[in-house]
Every structure is written in C-alpha cells, then in structure tokens.
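**Q** A single structure is presented below for examination.
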C-alpha cells in the first residue's frame, strides 16, 4: 500500500533537497497490512496520543495499541523458533534468578526481543524498553508488549528527537530506579552517563551486544569513567559465530530483495570488512552468482578473503564499477562523500553494521542534492547531472530496518544476553571490577544462577582487554591463595590464563611482578621495561612469549601473491576504534575462522563448519554446514560417526533441531 503526498509544498521540499525522516515518511510510506490502519491515526505522532491498554495503564508509547493482537501472533510464532529461551524460561522460572532486577533496555524491538523480554519477566525482572534503531521497531510487537504490561516506548519511523525522548521516558520515571542495563549500540548507556550519572550508584552492570557499543565501553574504561562492570556479549562465541555470521548470511539477501527487487547474478558487489558479518554477506552473495570484492584492514582477515576466492581491493579501485556497496566494519566514514560522488548511476548503498556512521549520510543532506523517497526505507539521492544512488535505510542497519532476521539464530544471542544479565546480577561483590568482561564459560552448578566457583578461592573474573590490545596477566593472578598454589608461567590458548583476558590497567607492573616469581625469568630477560613491553604495536608485548604482531605480519607477506591491497585506517577511524593504525587489529580472544564450507562428499574425514563439533564419518552420507543428512534422508544413525560436542545447555538445545545428530557426551 502506497500513500503519496502531492502537495506543492512537499514537491518544493524535494526540489530543494530538504530532508527529514518524518516528512519523507508522509510523502511515500509503505506499511505491511498488519500495521496499516487506513486512518488518520497513522499521521499522528504517538507522543500526541492518549492510549491505555486493557488494564488501564498508559505507561507506554507505541504507534497503535489496537495492533496488539497482530503482535501477539508474531510473538507466538517466534517462540516456536527460540527453543533455548523457552528452555531457559522453563528451567529457571521457579528459581527467579532475576527477582528484584529492574532492567532498562535499548535494543531492536522485534518479535524475538519480545520473547526475551517476557523471559526476563518470567525470571523475576521488571523491564522498561526503548528502541536502538528508529526503523527496526515492529509496531505490532511493541503494541503487544504494551498490552501485556511492559512499558515500551518505540515505534517505526521515529525522528531523532523522538528517539532520545523514548530513551528518557524509560530511564526517568518516578519511583523506579534501574539496576541493570541491556544495551545495543551504547546509546542508553551514553544517555544515562550524560543526564543521570547518579543512577550508576545502584546499577550493578551493563550488558552490551554490538560492536559500536563495545567500542564506547572500552573508551569509557580507558578514560577511567566506567563506574560499573560491563559484559561484552558481542565478542562471545555464540554471538560472533552464529548471529554475526549465519544471521547476516541470510538476512542480507532478504533485505536487498525486499527493497530493490534486484537480480544478484552477475552483479558486482564490494563488501567493506571481512569479519563475521562480512564473511556471511560474501558467502551469500557469491552463492547467488555475484562478483564479490572485499576491502579489509586486517592482514589475517584479508588473507582469509583471498583464500576464499574473493578479490581484495581498496574501495577507490572499484567504486566506479560496482553495483552494490555494503559496509560491515563497525567503523565510521568507511564510505565518504568522495566515494558517493564517484559511484555509478543506480548504485545501491547499504550498511550491515550497527551504527549509521559507516556511510557518510550527513554529507548528502545538502541543497544541491535531491532526496526522493520511492519506498519505505528506500531513498534515491539525485545529483545535479541526473545521476542517482539508491540509499537503503538512510545508512542504518539494513536487515532489521528493511526486512527481518532468522528467529532461530537470534535465539542464541538472546539466550546469551539473558545469561549475561543473570551472571552480573547474581555475581558476589568483588568478582567483577569496573571493567569490560566476556561471559564466563562456567557460571555455577545450581540451576542457572551465577554462584561463585568457591568463596574460599578468592577468585576474581579477569576482564577482557581493550580491542586491539594484547596484554599480559596481572600479578594478582599468580598470588598465593589464587586458583593455583604455585606461580605458573601463563600459557597461550583459550583458557583463563590467556593474557588477552585481562585489562591494561597495571598490566606491565603485574606481568613483571608475576615473572619475577618464575625461576629463571629474570635471567632469560623476560622482565623488561614498560617501554619494551608496550612496544610500537599498540600495547602488544614482545616479551615472555606474548603474542607479537608476527601473525598479521606473516599474513601480510602473502597478500601480494593475490595482488591484494589492504585498506589503511585514517587517524580519525583509528581513534574511533581505539586501535593503532599499524595493528594489532584483533584481540587474542578473537577466533579467526574460514568461510562456510560448501557441501562435500567422498572423504573419510570432514571438518564441519560450526564452533561446536567435528566429525569422522564414512563417505556415503552428504555433509553440509546445515547439519548431517543421509543420502536417502532416513532418520538412522550414521555408521562410523563420532561426534564430540561441547555439552553446554545452549548447544544441546540447538542440536536437537538438526537431523541425524547424536551427542557423544563425555563420561
């Protein structure tokens, strides 16, 4: 359904390049039938309405409370594809591990988020919610949550002023003080720091799930302004290896199809960034027959792109010829006005990262350029010579703004967020300091509540490092009475002794102090000065077997073989990311992985994609990244199959959905 404004004033605004999200939505707005009421209510700002739910409460602000029935159906459908959250709700409901928790959240308000919110409510929490994106809110779902009694302040198509007003209404309420924050992008955390800093006296912790928000937390920590513990969900395995990869692999195609109706075969596409999101986007587009180029700053990710069959270029080299430009870096000004000026006619520009800073959209809001809204979230930006580019979602997150995302994958992320909230809320005093942490592997054995491993051990959770920093272990890790009685030399690897799991505060002093207890360390020259430890690589130590920039250096030496050209960070971008321009670009806990494997057959040993299992299997069945299927598609046990799986609750719940997978649990 299209609603097209035709007044002379509106046409005049377009001719002069005047732009506002509200005016454009009035000119031409498409709404799905479930949202469209065909009444004057659609033209009225929710802030001007007086609405009440069936219980008489008016503590919410949504587009139309009458749409609650549609939203409830969406939530019920999502519940069928979110087994981990439903299992968590059923298992921990009696224990109420979040009893007394008052959670203020700022995330995408979708059916999947609604299942998470209702799960948190079932676990004993009180919630107030706002949207982290002005275009990603599903109005029906927001109405259903408001009808259920959740204070929700969000609607699709908010203005910038509406966006901050909604966040303020969540936080600033009489008689209600939040003690937990669930954020996506850092806007909520930023607002509380800016307007209500005294609230942090009662806040126990922050859970953040996006790259952009994590950057902000590390900046606060580095400046000494982070006054509560924060949990970095974005860098957890379950977020990076599932949500960032598989979710984006499917939703990138969905978003582009819905907004442009384009044919992918033969199109030239440049994907900026080859992290987990970039890998998913490249795999999907290549499978559809597109010619894919990649830009990357990290030599290791760049070498992976080359080995996966993608041409590594600088954006300037291909900007005139590509049909689609996709950003997924978490950085700012990846696509600048200069790039936009050089693009070919009808080039499609979109963003798969969280923040709307990756594409310099602000530079397009000038009098000489004309904005033309052709569909919801689809704008044609027209140059004086007639050239136009197709800008999707105004440079904001494409998949959640223009389409939807796979519910099953989001169940993994949502469950991780719920566990992070439980961990921070129930952690004993002293376990977490005012720093940024990863979700621990072990949370306790009694139900799902995060009990300390042993009060007698005096154990403290080590914080995860600032992005790009590879730092040593503090001396406290080796003190008597810690987890080990003897001072041991830290080993490389993914364990609690990994130097990358600790913050930079006092790192050099701690490392030298710890090594001083190791026999022969001083003689071996492993105890060095602060200057030596920091080196010229952004805090990476060259001493005591710590990781050096050798891995990235080795990768960079192989790139000329592929005629690959690395992108270099600008000073502004490096400052924004908190990185050294010369690297390192990833922390130690970052898990590099190859692109998704195609279906293979005829081998006696295959390595399946996925962080949780590897398989020895006979050559008869077909093995693919989506699971294990017999050639005859019969539900029978594979002969000669050995599967070893990390027997964690989340993975077990997910694997039950895959056919012909049987877990070989350790005795």
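Numbering (my numbering), first residue to last: 1206 to 1872.
Heads up, the beta-carbon is just placed ideally off N, CA and C, and yes, glycines get one too.
#1: Please report the Cβ distance between residue 1433 and residue 1639, rounded to the nearest whole angstrom; I am assuming they are in contact, meaning their Cβ atoms lie under 8 angstroms.
#2: Under the three-state reduction of DSSP, which class applies to residue 1411: helix, strand or coil?
#3: By DSSP, does residue 1875 sit in helix, in strand, or in coil?
#4: Comparing the C-beta of residue 1380 with each C-beta of chain D, is any distance below 8 angstroms?
#5: Expressed to the nearest angstrom, what Euclidean distance is found between the alpha-carbon atoms of residue 1581 and residue 1607?
#6: Count the other C-beta atoms from every protein chain shown that fall within 10 angstroms of the C-beta of residue 1618, then say buried if there are 16 or more, exposed otherwise.
#7: Which stretch, first to last residue, makes up the beta strand (DSSP E) that contains residue 1437?
#8: Any idea if residue 1549 is buried or exposed, counting beta-carbon neighbours within 10 angstroms, 16 or more meaning buried?
#9: For residue 1363, which of helix, strand or coil comes out of DSSP?
#10: Run through DSSP, which three-state label would residue 1310 get?
#11: Using 10 angstroms around the beta-carbon of residue 1776, count the other beta-carbons present and answer buried if the total reaches 16, otherwise exposed.
#12: Is it right to say residue 1338 is buried, meaning 16 or more other beta carbons lie within 10 angstroms of its own, or is it exposed?
#13: State buried or exposed for residue 1260, treating a residue as buried only when at least 16 other CB atoms are found within 10 Å of its CB.
#14: Please report the distance separating the alpha-carbon of residue 1303 from that of residue 1313.
#15: Identify every run of the alpha helix (DSSP H) within the stretch 1537-1603, keeping only runs that are complete inside it and at least 4 residues long; order them along the chain.
#16: Can you pull the DSSP bridge partners for residue 1498?
#17: Apply the 10 Å Cβ neighbour rule to residue 1367 and answer buried if 16 or more other Cβ atoms are within range, or exposed otherwise.
#18: Let me check understanding here. Comparing Cα to Cα, which of 1538, 1286, 1472 and 1311 lies closest to residue 1387?
#19: Quick check: the Cα distance between residue 1513 and residue 1499, rounded to an integer number of angstroms?
#20: Going by Cα to Cα distance, which pick from 1522, 1613 and 1468 is closest to residue 1494?
#21: Verify whether the separation of the beta carbon atoms of residue 1382 and residue 1399 is less than 8 angstroms.
#22: Excluding five sequence neighbours on each side, which residues of the same chain lie with their C-beta closer than 7 angstroms to the C-beta of residue 1588?
#23: Let me know the secondary structure DSSP gives residue 1767 once reduced to three states.
#24: Roughly how many angstroms separate the alpha carbons of residue 1703 and residue 1643, rounded to a whole number?
#25: Check whether the Cβ of residue 1426 lies closer than 7 angstroms to any heavy atom of the ligand NAD, and answer yes or no.
#26: So if DSSP puts residue 1292 in a beta bridge, which residue, or which two residues, is it bridged to?
#27: Checking 8 angstroms against the spacing of the C-beta atoms, do residue 1584 and residue 1563 come in under that value?
#28: Can you tell me whether DSSP reads residue 1328 as helix, strand or coil?
#29: Could you check which residue in 1333, 1772 and 1778 has the C-alpha nearest to that of residue 1503?
#30: Out of 1290, 1308 and 1403, state which residue places its alpha-carbon closest to the alpha-carbon of residue 1316.
#31: I want to know whether the stretch 1624-1634 touches the stretch 1476-1489 - three or more CB-CB distances under 8 angstroms.
#32: Which word fits residue 1822, buried or exposed, when buried means at least 16 other C-beta atoms lie within 10 angstroms of its C-beta?
#33: Please classify residue 1401: does DSSP put it in a helix, a strand, or coil?
#34: For residue 1454, does the count of other Cβ atoms within 10 angstroms reach 16, so buried, or fall short, so exposed?
#35: Using 8 angstroms for Cβ pairs, my map puts residue 1481 next to residue 1445. What's the rounded Cβ distance?
#36: What's the C-alpha gap between residue 1641 and residue 1394?
**A** Checking against the coordinates, here is how it stands:
#1: Your numbering for residue 1433 matches position 228 in the chain shown. Your numbering for residue 1639 matches position 434 in the chain shown. Their Cβ separation, rounded to whole angstroms, is 6 angstroms, which keeps residue 1433 and residue 1639 in contact under 8 angstroms.
#2: The residue you call residue 1411 lines up with position 206 of the chain shown. Note: residue 1411 maps to strand in three-state DSSP.
#3: There is no way to answer for residue 1875, as the model of the chain reaches only from 1206 to 1872.
#4: Looking at the structure shown, chain D is missing, and only one protein chain is on hand.
#5: Within the chain shown, residue 1581 is the residue found at index 376, counting from 1. Within the chain shown, residue 1607 is the residue found at index 402, counting from 1. Rounded to the nearest angstrom, the two C-alpha atoms are 8 angstroms apart.
#6: Numbered from its first residue, the chain shown carries residue 1618 at position 413. Answer is buried; the Cβ neighbour count reaches 16.
#7: Counting from 1 along the chain shown, the entry for residue 1437 is found at position 232. Here the beta strand (DSSP E) through residue 1437 covers 1435-1437.
#8: Translated into positions along the chain shown, residue 1549 becomes position 344. Answer is exposed; the Cβ neighbour count stays below 16.
#9: As a first step, residue 1363 must be located in the chain shown, where it is residue number 158. Of the three classes helix, strand and coil, the one that applies to residue 1363 here is coil, per DSSP.
#10: Reading the chain shown from its first residue, position 105 is the one you call residue 1310. Residue 1310 falls in the strand class under three-state DSSP.
#11: Working through the chain shown from its first residue, we reach residue 1776 at position 571. Exposed, by the Cβ-count rule.
#12: For this step, residue 1338 is matched to residue 133 along the chain shown. It counts as buried.
#13: Locating residue 1260 in the chain shown gives position 55, where the first residue counts as 1. Per the 10 Å Cβ criterion, exposed.
#14: On the chain shown, position 98 is the one that residue 1303 refers to. On the chain shown, position 108 is the one that residue 1313 refers to. Going from the Cα of residue 1303 to the Cα of residue 1313 covers about 22 angstroms.
#15: With a minimum length of 4 residues, the continuous alpha helix (DSSP H) runs that stay inside the stretch 1537-1603 are 1542-1547.
#16: The count along the chain shown starts at 1 and reaches residue 1498 at position 293. Under DSSP, the beta-bridge partners assigned to residue 1498 are 1475 and 1516.
#17: Position 162 of the chain shown, counted from the start, is the residue given in the question as residue 1367. By the neighbour-count rule (16 or more Cβ atoms within 10 Å), residue 1367 is buried.
#18: The count along the chain shown starts at 1 and reaches residue 1387 at position 182. Among 1538, 1286, 1472 and 1311, the Cα nearest to that of residue 1387 belongs to 1311.
#19: Position 308 of the chain shown, counting from 1, holds the residue named residue 1513. Position 294 of the chain shown, counting from 1, holds the residue named residue 1499. The alpha-carbon separation between residue 1513 and residue 1499 amounts to approximately 11 angstroms.
#20: Taking the chain shown and counting its residues from 1, one reaches residue 1494 at position 289. When only C-alpha atoms are compared, the closest one is 1468.
#21: Taking the chain shown and counting its residues from 1, one reaches residue 1382 at position 177. Taking the chain shown and counting its residues from 1, one reaches residue 1399 at position 194. Contact check for residue 1382 against residue 1399 fails: the beta carbons are separated by 8 angstroms or more.
#22: Reading the chain shown from its first residue, position 383 is the one you call residue 1588. Result list for residue 1588: 1574, in chain order.
#23: Translated into the one-based positions of the chain shown, residue 1767 becomes position 562. Correct three-state label for residue 1767: helix.
#24: Looking up residue 1703 in the chain shown gives position 498. Looking up residue 1643 in the chain shown gives position 438. Legend: pLDDT at residue 1703 = 37, less than 50; position of this residue unreliable, no value from coordinates given.
#25: As presented, the structure is devoid of all ligands, the ligand NAD included, so that no description of it is given.
#26: Looking up residue 1292 in the chain shown gives position 87. According to DSSP, residue 1292 bridges with nothing at all.
#27: Reading the chain shown from its first residue, position 379 is the one you call residue 1584. Reading the chain shown from its first residue, position 358 is the one you call residue 1563. Going by C-beta atoms, residue 1584 is not nearer than 8 angstroms to residue 1563.
#28: In the chain shown, residue 1328 corresponds to position 123, counting from 1. If DSSP states are grouped into helix, strand and coil, residue 1328 belongs with coil.
#29: As a position in the chain shown, residue 1503 is number 298, starting the count at 1. Nearest of 1333, 1772 and 1778 to residue 1503, Cα basis: 1772.
#30: The residue given as residue 1316 occupies position 111 in the chain shown. When only C-alpha atoms are compared, the closest one is 1290.
#31: Short answer: they don't touch.
#32: As a working note, residue 1822 is residue 617 in the chain shown. In this predicted model, residue 1822 has a pLDDT of only 37, less than 50, meaning its place in the structure is not dependable; the value taken from the coordinates is given anyway. That one is buried.
#33: Locating residue 1401 in the chain shown gives position 196, where the first residue counts as 1. Residue state, collapsed to three classes: coil.
#34: Position 249 of the chain shown, counted from the first residue, corresponds to residue 1454. Residue 1454 is buried by the Cβ-count criterion.
#35: For the purposes of this step, residue 1481 is taken as residue 276 along the chain shown, with counting starting at 1. For the purposes of this step, residue 1445 is taken as residue 240 along the chain shown, with counting starting at 1. With 8 angstroms as the limit, residue 1481 and residue 1445 qualify as a contact, their Cβ atoms being about 5 angstroms apart.
#36: The residue given as residue 1641 occupies position 436 in the chain shown. The residue given as residue 1394 occupies position 189 in the chain shown. Going from the Cα of residue 1641 to the Cα of residue 1394 covers about 14 angstroms.
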